[in-house]
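In order, the protein sequence lines correspond to chains Z and L.
Numbering-wise (my numbering), the first sequence opens with residue 1 and increments by one.
Numbering-wise (my numbering), the second sequence opens with residue 1001 and increments by one.
Notes follow the structure.
Number of protein chains: 2
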Amino acid sequence: MSTESTGRGEPDRTLRLLWRHRLGEPVGSRGPKQRASVDAVVDAAVEIADDEGIETLSMRRIAERLGLKPMSVYTYVPGKAELIDLMVDRVAGERPLPEPAGSLRERLEQIARMAWDEYLRHPWLLSIDTSRPPLGPNVSDRWEWSLRAIEGLGLSDIDMDQVVTLIAGFVVGPARAYVDAERLHRSTTESDEEWWERNAPILEQIMDPARYPISGRVGQAAGEEYGGPADPERAFHFGLARVIDGIEAYVAAASRIAR
Amino acid sequence: MSTESTGRGEPDRTLRLLWRHRLGEPVGSRGPKQRASVDAVVDAAVEIADDEGIETLSMRRIAERLGLKPMSVYTYVPGKAELIDLMVDRVAGERPLPEPAGSLRERLEQIARMAWDEYLRHPWLLSIDTSRPPLGPNVSDRWEWSLRAIEGLGLSDIDMDQVVTLIAGFVVGPARAYVDAERLHRSTTESDEEWWERNAPILEQIMDPARYPISGRVGQAAGEEYGGPADPERAFHFGLARVIDGIEAYVAAASRIAR
DNA sequence: TCCCTGCACCGTACACCATACGGAGAATGT
DNA sequence: ACATTCTCCGTATGGTGTACGGTGCAGGGA
């Protein structure tokens, strides 16, 4: 997708687009003035994805919002995959990065919280195949900022990389659960009780307590405690606390060795 | 998507399909014999997704593989979203669940390893919006099995739920990185050096060492150590060790309180 | 001044996609 | 024998991303 091959010797067009602000806009064009801009395209795309979900985001809808015809969007952006890369980098830069401060725990919490907030603001980030994040300026700045928060602890470079990767990866799970629960809550007209009642005949056959003794008990307890099937925010805090405990222990051991 | 509303009083068709084997097939139909089966449809879909990726999976291709015309697939399955639910549950059941044994650490590693292997066998699991996993028999069995592995440690039911959720969620990050690296490695004809050389002019402007001192250093170290941009398997082991350390500490504290 | 050239915009078209609807015909129960 | 019911599928609708080629504008060079 985003790794389409470009011509021999041609530098990556996506790279150039990602860094367009720092590289300076290409100057002195010949033809008619552009009616829009790369930023306008990216902004429109982000707005659509925020408001109505990534699945309804289409080149045609972007064009419509910009007062263009569909094919004109392709004068700004090579394709949809590249556009999504640009969207990711754009939203990665919309909040300032506060100078890391406080204990290691507080610093790691800050990294996680930054990602968490971003996922809640832009739930579509969780639906895109963001495995290989585009190396845009804002994503790069964020990475540098995250590493700076754990600089000077006695960790090797490799370990620093892995710690930040661990924190960043951890957040995805609970964030997904959170936005999904919210989406379900907003979209469905049916209450939990109605669903249960409607499916009672099958569920009785299915949820055999002899086969599911533990999950039955745990599910019931969780349902009562959360007032719903899950509490992703609590899972976020619980999991983060465990992960940070593990990291702290590792840092303590590593600095003991280094000393 | 998978939460389409069914008619008043109608029990969920997806639920019935998921549990079709244990519920018993509907018996005594009137019309012509079916030429395929729900299982055949699901198997065909899984094969296509495994071989050529989830993005090329279409109802038409499934029909083709089964010797049917596209619309006939809909006599077995209500739609594509429901089919994907069935696929998820099918692959969740393709390996036996060994009886939990060994230390807590070994048990948690076993849970994580089971998920890791599954993601490597079926990378498309990482690309689907699997936030709300379908409550099919194999997914349910897996959940019960996971909980059983940490039963009797003195954790509350809520904590058990959260521990298993944490482990399951953690695996996704490194698994994604792994399959993505592999995909890239297989698809691109260009070596890392060629890419670097081709983009050197922009990269020099972009990767300002004054702006990215730490990530520059860490990236270089990681690249040399891994012989590539990342080592997801190592990240898996590193992260898992930290997460389990955190969980062990929590369990120790919880059992101290309970005592 | 005039023209050449390069570019923005876009009309059209292609190859897909999921799936709604209704009809033909097969197998069964009565 | 007939009515019923269910499978299979032909057709169609309304979407998608994007390739290709054309039109006309605007700035640079002669």
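Glycine included, C-beta positions come from ideal geometry on N, C-alpha and C.
Remember, it's a predicted structure, so these values are computed and weren't measured experimentally.
According to the neighbour-count rule (16 or more other Cβ atoms, all chains shown, within 10 Å of its Cβ), is Z:R35 buried or exposed? By 1-based counting over the first sequence, the position of residue 35 of chain Z is 35. With fewer than 16 other Cβ atoms within 10 Å, it is exposed.
Hey, would you say L:M1160 sits closer than 8 Å to Z:V218, going by beta carbons? Start at 1 with the first residue of the second sequence, and residue 1160 of chain L comes out as number 160. Start at 1 with the first residue of the first sequence, and residue 218 of chain Z comes out as number 218. Going by C-beta atoms, L:M1160 is nearer than 8 Å to Z:V218.
Backbone secondary structure at Z:K69 - three-state DSSP: As a working note, residue 69 of chain Z is residue 69 in the first sequence. DSSP places Z:K69 in coil when its eight states are reduced to three.
Please go through the same chain and pick out, in chain order, the residues whose beta-carbon is closer than 8 Å to the beta-carbon of L:I1128, but skip the five residues on each side of it. Here residue 1128 of chain L refers to the residue found at position 128 of the second sequence. Around L:I1128: I1054, I1084, V1088.
Measuring alpha carbon to alpha carbon, tell me which residue in L:I1150, L:Y1226, L:A1181 is nearest L:I988. With chain L covering 1001 to 1259 only, the question about residue 988 of chain L has no answer from this structure.
Rounded separation between L:R1008 and Z:G223 - CA only: For the purposes of this step, residue 1008 of chain L is identified with residue 8 of the second sequence, where counting begins at 1. For the purposes of this step, residue 223 of chain Z is identified with residue 223 of the first sequence, where counting begins at 1. Because the pLDDT at L:R1008 is just 44, under 50, the model does not fix this residue reliably, and the point stays unresolved.
Taking the alpha helix (DSSP H) that L:M1160 belongs to, which residues open and close that run? As a first step, residue 1160 of chain L must be located in the second sequence, where it is residue number 160. The continuous alpha helix (DSSP H) containing L:M1160 extends over residues 1157–1187.
Does L:L1083 have its Cβ less than 8 Å from a Cβ in chain Z? Locating residue 1083 of chain L in the second sequence gives position 83, where the first residue counts as 1. Judged by the 8 Å Cβ criterion, L:L1083 is not in contact with chain Z.
With a floor of 4 residues, list each alpha helix (DSSP H) that falls wholly inside the segment 1196–1245 of chain L, ordered by position along the chain. Assignment of alpha helix (DSSP H) within the segment 1196–1245 of chain L, counting only whole runs of 4 or more residues, yields 1213–1226 in chain order.
Anything in chain Z within Cβ reach of L:S981, meaning under 9 Å, just list it in chain order. This structure gives no information on residue 981 of chain L, because the portion of chain L shown stretches from 1001 to 1259.
Cα separation between L:L1184 and L:D1192? Numbered from 1 along the second sequence, position 184 holds the residue referred to as residue 1184 of chain L. Numbered from 1 along the second sequence, position 192 holds the residue referred to as residue 1192 of chain L. Approximately 11 Å, taken between the alpha carbons.
Determine the contact status of Z:L97 and Z:A175, defining contact as a CB-CB distance below 8 Å. By one-based count along the first sequence, residue 97 of chain Z stands at place 97. By one-based count along the first sequence, residue 175 of chain Z stands at place 175. No; because the gap between Cβ atoms is not below 8 Å, this pair is not in contact.
With a threshold of 8 Å between beta-carbons, can L:Y1119 be considered close to chain Z, or not? As a first step, residue 1119 of chain L must be located in the second sequence, where it is residue number 119. Output row for L:Y1119: interface = no.
Below 8 Å between beta carbons: does that hold for L:A1221 and Z:I158? Mapped onto the second sequence, residue 1221 of chain L falls at position 221. Mapped onto the first sequence, residue 158 of chain Z falls at position 158. In this structure, L:A1221 sits near Z:I158, with a CB-CB distance shorter than 8 Å.
Short-range partners of chain Z found in the segment 1071–1095 of chain L, where Cβ spacing is below 8 Å: none
Alpha helix (DSSP H) runs contained entirely in the segment 114–158 of chain Z, provided each spans 4 or more residues: 137–149
Measure from the alpha carbon of L:P1123 to the alpha carbon of each residue in L:A1177, L:G1102, L:V1073, then state which is nearest. Indexing the second sequence from 1 puts residue 1123 of chain L at position 123. Closest option to L:P1123, Cα to Cα, is L:A1177.
Assign L:D1117 to buried or exposed, taking buried as 16 or more other Cβ atoms, counted over all protein chains shown, within 10 Å of its Cβ. To locate residue 1117 of chain L, count along the second sequence from 1; it is residue 117. Classification for L:D1117: exposed.
Taking only beta-carbon positions, decide if Z:W124 is within less than 8 Å of chain L. Counting from 1 along the first sequence, the entry for residue 124 of chain Z is found at position 124. No, its Cβ sits nowhere closer than 8 Å to a Cβ of chain L.
Which chain Z residues sit within Cβ distance under 7 Å of L:I1247? Here the question's residue 1247 of chain L lines up with position 247 in the second sequence. Neighbours of L:I1247 on chain Z, chain order: R242.
Where L:E1144 meets chain Z, residues with beta-carbon distance less than 7 Å: Taking the second sequence and counting its residues from 1, one reaches residue 1144 of chain L at position 144. Against L:E1144, the close residues of chain Z are Y212, I214, S215, in the order they occur along the chain (beta-carbon pairs closer than 7 Å).
List the endpoints of the continuous alpha helix (DSSP H) containing Z:D43. The sequence position of residue 43 of chain Z within the first sequence is 43, counting from 1. Here the alpha helix (DSSP H) through Z:D43 covers 38–52.
Straight-line gap, Z:S5 to Z:R16 (C-alpha atoms, nearest Å): Here residue 5 of chain Z refers to the residue found at position 5 when the first sequence is read from its first residue. Here residue 16 of chain Z refers to the residue found at position 16 when the first sequence is read from its first residue. In this prediction, Z:S5 has a pLDDT of 42, which is less than 50 and means its spatial position is unreliable; nothing more can be read from the coordinates.
Less than 8 Å between the C-beta atoms of L:I1111 and L:S1146, yes or no? Start at 1 with the first residue of the second sequence, and residue 1111 of chain L comes out as number 111. Start at 1 with the first residue of the second sequence, and residue 1146 of chain L comes out as number 146. The answer is yes: Cβ separation under 8 Å.
Let me make sure I understand the geometry here. Which of Z:T14, Z:D12, Z:W19 has the alpha-carbon closest to that of L:M1207? What you label residue 1207 of chain L is simply residue 207 of the second sequence in a count that begins at 1. That would be Z:W19, whose Cα lies nearest to the Cα of L:M1207.
Span separating the alpha-carbon of Z:E194 from that of Z:R211: The sequence position of residue 194 of chain Z within the first sequence is 194, counting from 1. The sequence position of residue 211 of chain Z within the first sequence is 211, counting from 1. Straight-line Cα distance between these residues: approximately 25 Å.
Given L:R1013 as reference, the closest of L:P1078, L:P1137, L:V1139, L:P1070 once Cα atoms are compared: Position 13 of the second sequence holds residue 1013 of chain L. Ranking L:P1078, L:P1137, L:V1139, L:P1070 by Cα distance to L:R1013 puts L:P1078 first.
Straight-line CA distance for Z:R121 to Z:E225? The residue given as residue 121 of chain Z occupies position 121 in the first sequence. The residue given as residue 225 of chain Z occupies position 225 in the first sequence. Each residue's Cα considered, the two are about 27 Å apart.
Beta-carbon proximity of Z:I167 to Z:L203, cut-off 8 Å: Position 167 of the first sequence, counted from the start, is the residue given in the question as residue 167 of chain Z. Position 203 of the first sequence, counted from the start, is the residue given in the question as residue 203 of chain Z. In this structure, Z:L203 does not lie closer than 8 Å to Z:I167 by Cβ.
How would you write the range of the alpha helix (DSSP H) that Z:K263 sits in, first residue to last? What is shown of chain Z runs 1 to 259, which leaves residue 263 of chain Z out entirely.
What are the residues in the segment 1147–1160 of chain L lying within 9 Å of chain Z by C-beta distance? Within the segment 1147–1160 of chain L, the residues whose Cβ lies closer than 9 Å to some Cβ of chain Z are L1147, R1148, E1151, S1156, D1157, I1158, D1159, M1160, listed in chain order.
I need the straight-line Cα distance from L:E1094 to Z:E82, nearest angstrom please. If you number the second sequence from 1, residue 1094 of chain L lands on position 94. If you number the first sequence from 1, residue 82 of chain Z lands on position 82. Inter-residue distance for L:E1094 and Z:E82 is about 37 Å (C-alpha atoms, whole angstroms).
Would you say L:Q1162 reaches chain Z, if we count a Cβ-Cβ gap shorter than 8 Å as a contact? Numbered from its first residue, the second sequence carries residue 1162 of chain L at position 162. It does; some Cβ of chain Z falls within 8 Å.
Segment limits, alpha helix (DSSP H) that includes L:T1261: Because chain L here runs from 1001 to 1259, residue 1261 of chain L falls outside it and cannot be looked at.
Using the C-alpha atoms, what's the distance from L:T1056 back to Z:P229? The residue labelled residue 229 of chain Z in the question sits at position 229 within the first sequence. The residue labelled residue 1056 of chain L in the question sits at position 56 within the second sequence. Near 34 Å, if we compare the C-alpha coordinates of L:T1056 and Z:P229.
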